[in-house]
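Comments concern the structure below.
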Amino acid sequence: MDVSILDVGDGVVEVRATAGDTHLGGDDFDRRLVDHLAEDFSRDSGIELRKDPQARADDARLREAVDARNGLDSVAYQVQRRLAELGEQVAVHDKARAEMLIADARQAVKDEAPLDRLRPLTADLQQILHGLAASGGVGWLPEPEQRRSRRQGTPAGTT
Numbered sequence: 000m001d002v003s004i005l006d007v008g009d010g011v012v013e014v015r016a017t018a019g020d021t022h023l024g025g026d027d028f029d030r031r032l033v034d035h036l037a038e039d040f041s042r043d044s045g046i047e048l049r050k051d052p053q054a055r056a057d058d059a060r061l062r063e064a065v066d067a068r069n070g071l072d073s074v075a076y077q078v079q080r081r082l083a084e085l086g087e088q089v090a091v092h093d094k095a096r097a098e099m100l101i102a103d104a105r106q107a108v109k110d111e112a113p114l115d116r117l118r119p120l121t122a123d124l125q126q127i128l129h130g131l132a133a134s135g136g137v138g139w140l141p142e143p144e145q146r147r148s149r150r151q152g153t154p155a156g157t158t
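Numbering follows numbering that gives the first Met the number 0, with no gaps: position 15 of the sequence shown is 14.
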């Protein structure tokens with residue numbers, strides 16, 4: 000269980016504190032789901048997958064592939080969002096390259112592409128994201144950042 004204390008005001012949400020086991024709901028949930036499916040399979044087929052070394056290796060490879068796809072999808076979303084935030088501030092050729100990589104990423108996830116195709120796409124998109132994060136002088140959440148700076152009487156980006 001994870002507990003967070005939030006400060007909500009003037010359209011800004013700030014996390015004041017977080018405590019608990021923030022790991023719950025991720026890997027442990029995946030493990031329980033895999034165990035449940037393995038039990039169902041064992042009950043139906045009489046084959047115990049959790050004791051089979053090959054099945055365990057397949058499980059590890061499957062987890063690695065899912066994590067890689069999730070990572071690629073996440074960074075593609077972040078780049079897409081950042082492009083929208085910056086709008087016309089992004090050079091046309093940079094925007095075209097980013098959009099091409101986003102399309103390639105979405106297709107790779109849809110096609111369930113192998114890891115050797117996912118990793119370079121993720122690295123390219125992360126490089127673009129870092130470049131976009133440095134440009135424009137706008138944070139990831141420009142409106143809340145600007146509201147907070149007005150409320151605190153400081154320039155945006157310095158709080």
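The beta-carbon is built from N, C-alpha and C at its ideal position, and this holds for glycine as well.
Source: prediction; values computed, not measured.
Burial is judged here by how many other beta carbons sit within 10 angstroms of a residue's own beta carbon; Ala107 has at least 16 and is buried. Distance from the CA atom of Leu120 to the CA atom of Glu84, rounded to whole angstroms, is 22 Å.
Ranked by Cα distance from Pro113, the options Ala90, Gly86, Arg60 are led by Arg60. By the neighbour-count criterion, in which a residue is buried when 16 or more other Cβ atoms sit within 10 angstroms of its Cβ, Val78 is buried. Rounded to whole angstroms, the separation of the alpha carbons of Ala95 and Arg81 is 14 Å. Here the alpha carbon of Leu117 sits roughly 7 Å from the alpha carbon of Ala67. The Cβ atoms of Leu124 and Ala75 lie closer than 8 Å to each other. Around the Cβ of Ile127, a 10 Å sphere holds 16 or more other Cβ atoms; the residue is buried. For Ala107, the secondary structure class from DSSP, reduced to helix, strand or coil, is helix. The continuous alpha helix (DSSP H) containing Gly130 extends over residues 114-133. In the structure shown, the three-state DSSP call for Val65 is helix. Annotated three-state conformation of Asp6 is strand, per DSSP.
CA-to-CA, the gap between Asp58 and Arg105 works out to about 24 Å.
Residue pairing for Ala83: DSSP places it in no beta bridge. Look at Ala90 here: in three-state DSSP terms it is coil, with no helix or strand label.
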